[in-house]
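J.: Handing you a structure now.
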Amino acid sequence: MRNRLKRYFLSYLSFVIILVFSSLSLAGQAKNIILMIGDGMGPAHVNIAWLYATRELGISLVMAEVMNNGQTAYMINDTADSTVTESAAAAVQMATGVKVLAKSIGIGPDGKTLKTILEMAKEKGKATGLVTTSGITDATPAGFAAHVKRRSEEEKIAEQLIKSDVNILFGGRKAFFLPEAEKGRRKDGRNLLNEARQNGYVVVETAEEMGKAEGAKILGLFNQGNMLFELDRRGTTEPSLAEMTIKALNLLSKNENGFFLMVEAGRIDHAAHHHDIAAVISDLLAFDEAIKVAYDFQKGYPDSLLIITADHETGGLAVLPYAQTGEEYEGINLKAISQIKASHEKRNKEFGKDPSPEKIKEVIKTYYGVDLKDEEVKVIKEDALRKLDARHFHYEWDGSIGFVLRLYHRIGWATDSHSATPLFLWGIGPGSEKMKGWKHNTELFTIMKDAYGF
Ligand SMILES: [Zn+2]
Numbered sequence: 004m005r006n007r008l009k010r011y012f013l014s015y016l017s018f019v020i021i022l023v024f025s026s027l028s029l030a031g032q033a034k035n036i037i038l039m040i041g042d043g044m045g046p047a048h049v050n051i052a053w054l055y056a057t058r059e060l061g062i063s064l065v066m067a068e069v070m071n072n073g074q075t076a077y078m079i080n081d082t083a084d085s086t087v088t089e090s091a092a093a094a095v096q097m098a099t100g101v102k103v104l105a106k107s108i109g110i111g112p113d114g115k116t117l118k119t120i121l122e123m124a125k126e127k128g129k130a131t132g133l134v135t136t137s138g139i140t141d142a143t144p145a146g147f148a149a150h151v152k153r154r155s156e157e158e159k160i161a162e163q164l165i166k167s168d169v170n171i172l173f174g175g176r177k178a179f180f181l182p183e184a185e186k187g188r189r190k191d192g193r194n195l196l197n198e199a200r201q202n203g204y205v206v207v208e209t210a211e212e213m214g215k216a217e218g219a220k221i222l223g224l225f226n227q228g229n230m231l232f233e234l235d236r237r238g239t240t241e242p243s244l245a246e247m248t249i250k251a252l253n254l255l256s257k258n259e260n261g262f263f264l265m266v267e268a269g270r271i272d273h274a275a276h277h278h279d280i281a282a283v284i285s286d287l288l289a290f291d292e293a294i295k296v297a298y299d300f301q302k303g304y305p306d307s308l309l310i311i312t313a314d315h316e317t318g319g320l321a322v323l324p325y326a327q328t329g330e331e332y333e334g335i336n337l338k339a340i341s342q343i344k345a346s347h348e349k350r351n352k353e354f355g356k357d358p359s360p361e362k363i364k365e366v367i368k369t370y371y372g373v374d375l376k377d378e379e380v381k382v383i384k385e386d387a388l389r390k391l392d393a394r395h396f397h398y399e400w401d402g403s404i405g406f407v408l409r410l411y412h413r414i415g416w417a418t419d420s421h422s423a424t425p426l427f428l429w430g431i432g433p434g435s436e437k438m439k440g441w442k443h444n445t446e447l448f449t450i451m452k453d454a455y456g457f
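Structure representation (structure tokens):
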């Protein structure tokens with residue numbers, strides 16, 4: 004009898020243990036969250052980069068691997084005041100779960116300060132980091148750690164960042180940390196690099212300095228403006244997004260309580276604003292390399308939740324069906340796109356102020372390998388698209404050049420701003436099981452909060 008009781012008790016005990024363990028693994032919590040945002044990265048951007056990688060380079064995308072092994076949802080992103088959003092509201096909605104006004108940073112539509120997931124993680128003793136190829140004062144990183152009425156208040160955002168105690172701050176726009184007398188853009192004469200050092204930050208300005216840097220708080224500012232497009236970066240002192248991600252993970256993972264890290268490929272958006280398909284693809288491939296770093300980390304530390312998504316779509320990008328001649332479907336001309344040698348920034352610098360038709364022809368030939376027809380040169384010279392619709396094609400030349408090149412590259416752009424195209428949301432790790440179906444970007448906050456168990 005006693006033996007039977009003992010056996011009964013033991014089997015009951017093992018049942019309880021199994022129950023406890025299975026419920027633990029079911030509702031497993033995330034010690035770490037890595038949130039990766041492709042700014043402006045709509046489904047067409049992903050598809051074009053995937054086509055380029057698989058057909059032109061013979062490689063696959065790590066983001067596709069994450070998608071295949073993890074969860075996928077579609078995500079919409081309307082704000083409190085618009086169906087088309089921008090990076091500030093999108094970041095804040097992901098970071099706080101509250102629908103806010105477009106262009107606001109960390110402040111609700113009622114004017115109240117919102118607490119972000121990064122700030123919550125910090126309160127719980129986790130390490131935190133923000134990494135971007137855009138400015139560290141730009142809307143996406145700011146949306147996780149700053150609180151201002153308008154995203155354009157970047158001087159104020161810089162002040163808040165150096166007081167934030169966010170452990171890793173990597174990106175561009177050093178100019179907002181320096182006074183005008185020191186080639187900066189600050190009107191108050193303050194040198195925030197010195198103030199950051201006083202607040203305990205190690206300040207680094209090149210890839211080499213970043214690699215060697217040690218310390219609890221590191222501020223890496225690698226360009227006066229945005230960091231360079233990947234297409235123009237080689238041979239410079241700037242780190243790649245993957246290198247910044249490695250450094251951030253190495254330092255943040257030392258914290259025993261875990262961490263929150265946001266990594267943004269900030270310039271996919273800028274490339275798309277300027278209808279620069281080569282820069283879109285190369286920055287997206289650089290993002291994929293950073294995703295590989297994060298995914299490898301997640302595989303090694305499965306109590307980490309890896310999330311990959313975008314804030315909004317930029318450009319209304321589409322793959323077009325037809326070539327200049329022939330009536331059959333052909334789709335994107337990857338060969339022609341592979342011939343592009345520089346970003347629109349370099350190209351437009353080469354144009355100078357008022358380029359002659361000969362200069363336009365020469366620059367397009369040099370950078371795109373395309374022999375423009377006279378009527379095409381005329382469209383660029385007169386900036387015809389900008390004349391017709393300056394609201395959706397307001398950048399000098401870019402819209403007109405993009406339009407002229409559409410028959411060569413077979414891609415089209417609907418606007419030089421953002422669209423409401425739904426976005427991909429991919430996840431792997433504890434909490435990712437909720438990433439399926441049709442989600443609003445405010446729900447991502449709840450998913451992260453629940454994953455942490457806050
Ligand atoms: Zn944008």
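If you're matching positions, the sequence shown starts at 4 in this note's numbering and goes up one per residue.
Don't be surprised by glycine CBs; every beta carbon is placed ideally from N, CA and C.
Quick caveat, the model's predicted, so the values are computed rather than measured.
#1: Rounded to whole angstroms, what is the Cα-Cα separation between E330 and N336?
#2: Please identify the residue among D314, I367, L323 whose C-alpha is closest to the C-alpha of T445.
#3: Secondary structure at L172, three-state DSSP: helix, strand or coil?
#4: T75 bridges to which residues according to DSSP?
#5: Could you tell me which uninterrupted alpha helix (DSSP H) segments, each at least 4 residues in length, are contained entirely in the segment 284-346, listed from first to last along the chain?
#6: Quick one: grab the DSSP three-state call for F263.
#7: CA-CA distance, K166 and S256?
#8: Quick one: is D42 buried, meaning 16 or more other Cβ sit within 10 Å of its Cβ, or exposed?
#9: By a C-beta neighbour count over all protein chains shown, 10 Å radius and 16 as the cutoff for buried, is G128 buried or exposed?
#10: Give a single yes or no on whether H276 has its beta carbon closer than 7 Å to a heavy atom of ligand 1.
#11: Sort N72, E233, A124, A148 by Cα distance to F346 and report the nearest one.
#12: In the DSSP assignment, the beta strand (DSSP E) including L195 goes from what residue to what residue?
#13: I need the boundaries of the alpha helix (DSSP H) containing W53, first residue and last residue.
#14: For Y11, which three-state DSSP category applies?
#15: What are the boundary residues of the alpha helix (DSSP H) that includes H150?
#16: Once you ignore the five residues that flank A275 on each side, which residues in its own chain have a CB closer than 6 Å to its CB?
#17: For A251, which residues of its own chain have a beta-carbon under 8 Å away from its beta-carbon, when the five flanking residues on both sides are left out?
#18: If you compare alpha carbons, which of I40, L308, F457 is closest to A93?
#19: At a cut-off of 7 Å, would you count H421 as near ligand 1, judging by its Cβ distance to the nearest heavy atom?
#20: Helix, strand or coil, according to DSSP, for I221 in the structure here?
#21: To the nearest angstrom, how far is it from the Cα of K186 to the Cα of L222?
#22: Is there at least one non-hydrogen atom of ligand 1 closer than 7 Å to the beta-carbon of T317?
#23: Measure the Cβ-Cβ separation of K102 and A83 and say whether it is below 8 Å.
#24: Check whether the Cβ atoms of I160 and I108 lie closer than 8 Å to each other.
#25: Where in the segment 391-443 do unbroken runs of the alpha helix (DSSP H), each at least 4 residues long, occur, reported from the N-terminal end onward?
#26: Compute the beta-carbon to beta-carbon distance between I271 and F300, rounded to the nearest angstrom, for a pair I have assumed lies under 8 Å.
#27: Apart from the five residues just before and just after F354, which ones in its own chain have a Cβ nearer than 8 Å to its Cβ?
#28: Confirm, please, whether the CB-CB distance from T248 to A210 is below 8 Å.
#29: Can you determine whether any heavy atom of ligand 1 sits closer than 7 Å to the C-beta of G43, and answer yes or no?
#30: Give the range of the alpha helix (DSSP H) segment to which T248 is assigned.
#31: DSSP three-state label for I37, please.
#32: Once you ignore the five residues that flank V65 on each side, which residues in its own chain have a CB closer than 7 Å to its CB?
#33: Go through its chain and collect everything with a Cβ distance to V19's Cβ below 8 Å, but skip five positions before and after it.
#34: With DSSP collapsed to three states, give me the class of G132.
#35: How far does the beta strand (DSSP E) with V205 in it reach, from first residue to last?
#36: Tell me which residues share the same chain as E157 and place their Cβ nearer than 6 Å to its Cβ, disregarding the 5 neighbours each side in the sequence.
T.: The relevant details are as follows:
#1: Per the coordinates, the alpha-carbon of E330 lies some 15 Å from the alpha-carbon of N336.
#2: Among D314, I367, L323, the Cα nearest to that of T445 belongs to D314.
#3: Strand, per DSSP.
#4: According to DSSP, which records beta bridges pairwise, T75 is partnered with W429.
#5: Segments of the alpha helix (DSSP H) lying fully in the segment 284-346: 337-341.
#6: Three-state result, F263: strand.
#7: Their Cα atoms are separated by approximately 22 Å.
#8: Buried is the call here.
#9: Looking at its Cβ environment, which holds fewer than 16 other Cβ atoms inside 10 Å, G128 is exposed.
#10: Checking every heavy atom of ligand 1 against the Cβ of H276, one is found closer than 7 Å.
#11: A small correction: the amino acid at residue 346 is Ser; Phe does not occupy that position in the sequence shown. Nearest in C-alpha terms to S346, of all of N72, E233, A124, A148, is E233.
#12: From DSSP, L195 is part of no beta strand (DSSP E) but of the alpha helix (DSSP H) over 195-201.
#13: Here the alpha helix (DSSP H) through W53 covers 46-54.
#14: The predicted model places Y11 with a pLDDT of 47, which falls under 50 and marks its position as unreliable; any figure quoted below should be read in that light. Assigned with DSSP and collapsed to three states, Y11 falls in helix.
#15: Taken as a continuous stretch (DSSP letters only), H150 belongs to no alpha helix (DSSP H), as it is neither H nor E.
#16: Excluding residues within five positions, the ones whose Cβ falls inside 6 Å are G43, V283, T317, G318.
#17: Spatial neighbours of A251 in its own chain (CB-CB distance under 8 Å, excluding positions within 5 residues in sequence) are listed in chain order as G132, V134, I171, F173, L264, V266.
#18: Comparing Cα-Cα distances from A93 to each of I40, L308, F457, the minimum goes to I40.
#19: H421 Cβ: within cutoff of ligand 1.
#20: I221 sits in a strand when the DSSP states are folded into three classes.
#21: Counting only the Cα atoms, L222 lies some 19 Å from K186.
#22: T317: yes, Cβ under 7 Å from ligand 1.
#23: Yes, the Cβ-Cβ distance between K102 and A83 is below 8 Å.
#24: For I160 and I108, yes; Cβs fall inside 8 Å.
#25: With a minimum length of 4 residues, the continuous alpha helix (DSSP H) runs that stay inside the segment 391-443 are 401-407, 409-412.
#26: Contact flag wrong, Cβ pair sits at about 22 Å.
#27: So the qualifying residues of the chain are K362, I363, V366, W400.
#28: Going by C-beta atoms, A210 is not nearer than 8 Å to T248.
#29: It does: the Cβ of G43 is within 7 Å (strictly closer) of some heavy atom of ligand 1.
#30: Here the alpha helix (DSSP H) through T248 covers 244-255.
#31: Of the three classes helix, strand and coil, the one that applies to I37 here is strand, per DSSP.
#32: Here the set comprises D291, I294, K295, Y298.
#33: Since pLDDT at V19 reaches only 45, below the 50 mark, its modelled position is unreliable, and the value read off the structure follows with that caveat. Nothing meets the Cβ criterion.
#34: Three-state result, G132: strand.
#35: Its beta strand (DSSP E) spans residues 205-207.
#36: Hits under 6 Å: T140, F179.
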